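Its first residue numbered 1, the sequence shown is counted upward by one per residue in my numbering.
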Amino acid sequence: MATCSSYSAAAGERSEVGGTKKPFRVFFIPFFASGHMIPMVDLACLFAARPGVEPTLVLTPANAALVRPTLDRSAAAGRPVGLLLFPFPSVGLPDGVENLATAPASESWRVYKAVDLAQTAHEEILRRHRPDAVVADIPYWWTTAIAADLGIPRVTFHAVGVFPQLVMNNLFRLRSEIQERQVVAVPDLPGRPIEIPRAELPEFLLEQNHMSDTWDRMKKAQLTCHGVVVNTFYGFEPEYCDDYRRVDARQAWFVGPVALASCGGVERGGGTAAKEDGGRCMAWLDTREEGSVLFVCFGSWCHFTAAQLRELAAGLEASGQPFLWAVRKDGDGSEEESNWMPEGWEDRVAGRGLVVRGWAPQVAILGHRAVGAFLSHCGWNSVLEAVAAGKPMLTWPLVFEQFINERLVVEVAGAGKRVWEGQRSVAEHEKTVVPGEAIARKVSGFMKAGGEGETARKKAMELSVAARAAVAKGGSSHRDLDSLIDELLATRVGNTQQDTAAIEV
Numbered sequence: 001m002a003t004c005s006s007y008s009a010a011a012g013e014r015s016e017v018g019g020t021k022k023p024f025r026v027f028f029i030p031f032f033a034s035g036h037m038i039p040m041v042d043l044a045c046l047f048a049a050r051p052g053v054e055p056t057l058v059l060t061p062a063n064a065a066l067v068r069p070t071l072d073r074s075a076a077a078g079r080p081v082g083l084l085l086f087p088f089p090s091v092g093l094p095d096g097v098e099n100l101a102t103a104p105a106s107e108s109w110r111v112y113k114a115v116d117l118a119q120t121a122h123e124e125i126l127r128r129h130r131p132d133a134v135v136a137d138i139p140y141w142w143t144t145a146i147a148a149d150l151g152i153p154r155v156t157f158h159a160v161g162v163f164p165q166l167v168m169n170n171l172f173r174l175r176s177e178i179q180e181r182q183v184v185a186v187p188d189l190p191g192r193p194i195e196i197p198r199a200e201l202p203e204f205l206l207e208q209n210h211m212s213d214t215w216d217r218m219k220k221a222q223l224t225c226h227g228v229v230v231n232t233f234y235g236f237e238p239e240y241c242d243d244y245r246r247v248d249a250r251q252a253w254f255v256g257p258v259a260l261a262s263c264g265g266v267e268r269g270g271g272t273a274a275k276e277d278g279g280r281c282m283a284w285l286d287t288r289e290e291g292s293v294l295f296v297c298f299g300s301w302c303h304f305t306a307a308q309l310r311e312l313a314a315g316l317e318a319s320g321q322p323f324l325w326a327v328r329k330d331g332d333g334s335e336e337e338s339n340w341m342p343e344g345w346e347d348r349v350a351g352r353g354l355v356v357r358g359w360a361p362q363v364a365i366l367g368h369r370a371v372g373a374f375l376s377h378c379g380w381n382s383v384l385e386a387v388a389a390g391k392p393m394l395t396w397p398l399v400f401e402q403f404i405n406e407r408l409v410v411e412v413a414g415a416g417k418r419v420w421e422g423q424r425s426v427a428e429h430e431k432t433v434v435p436g437e438a439i440a441r442k443v444s445g446f447m448k449a450g451g452e453g454e455t456a457r458k459k460a461m462e463l464s465v466a467a468r469a470a471v472a473k474g475g476s477s478h479r480d481l482d483s484l485i486d487e488l489l490a491t492r493v494g495n496t497q498q499d500t501a502a503i504e505v
């Protein structure tokens, strides 16, 4: 049974009595991954800023706990967002493990199984509470049909940009041909030619798996729903945004970077326990010189072997560069791999380097004056947050579409450089351990004034100006957000279905 709570006035309290207009209720349903959930929470908070709009997040309990601090801050700012909770499907994970970020790597397949099992709960929630609109993450293809049956619009939410979407769409049609090529040229893409080694392509383009099995259903649901909202901004991907509107959506709205308008603090997306660690990071950065620190973070899901972690540690030490390194923890509280740290390493880098185990406040760190560059896996949120902060990137993609995102950063935008030009792969058994000496050379060369990072640094600053202009009043993302909300509000005119089951508070 789903339950609901609110962070200010209850739904009934914001409705007027005597036949006047009720709030326009929008349900937001994110995928079980921090990289999807956090930007969708930001989007819900932006909806809450519009008078008469009442957003509600549909989450499982452990995922709700991760975003409560952001919702508290949003409510305090006059942007209340409701929470409607449903049980995480039973898939054999420990209690409280409900997210790719907290599931051990070997158990991540269970999270995808939970996605399929969530269909029944989603249908029950939507039919019982009958919102005026639903914004559902791309994996939840079934919400398009449910929304159509209820006579309400479903908007597909994409947590990745349009460039990687177009690349994957165009290559999905060529899967049989891809198998025969070592390097794949992406067809039907506007702008400069893009080539990607087969080993760096997402696995669903190379073999049959859960994603390839559901791809056609997701794309059909996307093309037949009311439209698509994407966390990107037009100035970052202009020719790709134009093409996307033409071929991949009935309507599309580009509203990012949503993190720039977020109500989240240093604990954004990490739960209440992240506040202390976030404060420690910021206090340490306050002691460093402007532009001197390399921020090292590979997201909430990516994993390294112990051997690669040791080489990365050695490379950071040998670079002589100040650094802040966020090391991932698994759901059981253990670090990525046990016993990886070289003996005496933390003592040797003390004062120059800070290691954070677990969650790090990425947006706040990237926005700090002391940070001069970002060593990243090229997850889409990381790319967009680096661009928004004007920080150039050293790219080290690992899985899924990250190698595609890297092409946008390095080859199209010119806002970064690759850490390693040798053999790379999305498949764990094909990955090369990047040696510490190569990491040290790349870091020191990229960070020094007048070095190889100088051009990327200038380009990143230009993109930051464009990103902030996009979300400012009258900017492209601000206009698209207003247009999206206006479009949804207009769908209620003439919709005579009764709201037979108001949200319980």
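Even glycine gets a Cβ: it sits at the ideal position worked out from N, Cα and C. Quick caveat, the model's predicted, so the values are computed rather than measured.
Under three-state DSSP, which class holds residue i?
i           : result
residue 416 : strand
residue 249 : coil
residue 103 : coil
residue 93  : coil
residue 109 : helix
residue 279 : helix
residue 377 : coil
residue 255 : coil
residue 297 : strand
residue 56  : strand
residue 350 : strand
residue 336 : Annotation note: pLDDT 49 at residue 336 (below 50); position unreliable, no value reported.
residue 236 : coil
residue 79  : coil
residue 132 : coil
residue 304 : coil
residue 286 : coil
residue 27  : strand
residue 186 : coil
residue 191 : coil
residue 315 : helix
For residue i, which option in the options has the closest C-alpha, if you only look at C-alpha atoms?
i           : options               : result
residue 405 : 448, 45 and 381       : 381
residue 31  : 119, 24, 479 and 53   : 119
residue 454 : 176, 148, 189 and 393 : 393
residue 35  : 322, 487, 354 and 383 : 383
residue 75  : 92, 48 and 100        : 48
residue 149 : 173, 123 and 172      : 123
residue 182 : 346, 22 and 425       : 425
residue 259 : 93, 37 and 487        : 37
residue 194 : 322, 171 and 436      : 171
residue 161 : 67, 249 and 237       : 237
residue 386 : 479, 23, 298 and 28   : 298
residue 351 : 365, 419, 324 and 71  : 324
residue 365 : 490, 437, 203 and 290 : 290
residue 527 : 473, 29, 33 and 304   : Because the chain here runs from 1 to 505, residue 527 falls outside it and cannot be looked at.
Please report the residue range of the alpha helix (DSSP H) in which residue i lies.
i           : result
residue 38  : 34-48
residue 156 : Element bounds for residue 156: not the alpha helix (DSSP H) but the beta strand (DSSP E), 154-158.
residue 172 : 162-172
residue 142 : 142-150
residue 490 : 476-491
residue 211 : 210-224
residue 175 : 175-178
Could you spell out where the beta strand (DSSP E) holding residue i opens and where it closes?
i           : result
residue 82  : 82-85
residue 357 : 353-357
residue 326 : 323-327
residue 365 : No beta strand (DSSP E) holds residue 365; the alpha helix (DSSP H) holding it covers 362-366.
residue 195 : 195-197
residue 390 : Residue 390 -> no beta strand (DSSP E), and no H or E assigned at all.
residue 227 : 227-230
Write down the C-beta distance between residue i and residue j rounded to the nearest angstrom, noting that I regard them as a contact closer than 8 Å.
i           : j           : result
residue 360 : residue 281 : 6 Å
residue 137 : residue 26  : Their Cβ separation, rounded to whole angstroms, is 14 Å, which puts residue 137 and residue 26 out of contact at 8 Å.
residue 388 : residue 464 : 6 Å
residue 141 : residue 218 : 5 Å
residue 234 : residue 476 : 4 Å
residue 294 : residue 443 : 6 Å
residue 103 : residue 110 : 7 Å
residue 174 : residue 240 : Not quite, the Cβ-Cβ distance comes to about 19 Å (not below 8 Å), so this is no contact.
residue 125 : residue 86  : 6 Å
residue 419 : residue 354 : With 8 Å as the limit, residue 419 and residue 354 do not qualify as a contact, their Cβ atoms being about 20 Å apart.
Does the beta-carbon of residue i, which I'm using as the reference point, lie nearer than 6 Å to any heavy atom of the ligand NAD?
i           : result
residue 172 : Within the structure as shown, the ligand NAD is missing, as the structure has no ligands at all.
Contiguous alpha helix (DSSP H) assignments of at least 4 residues, all confined to the segment 393-465: Runs of the alpha helix (DSSP H) inside the segment 393-465: 402-407 and 436-447.
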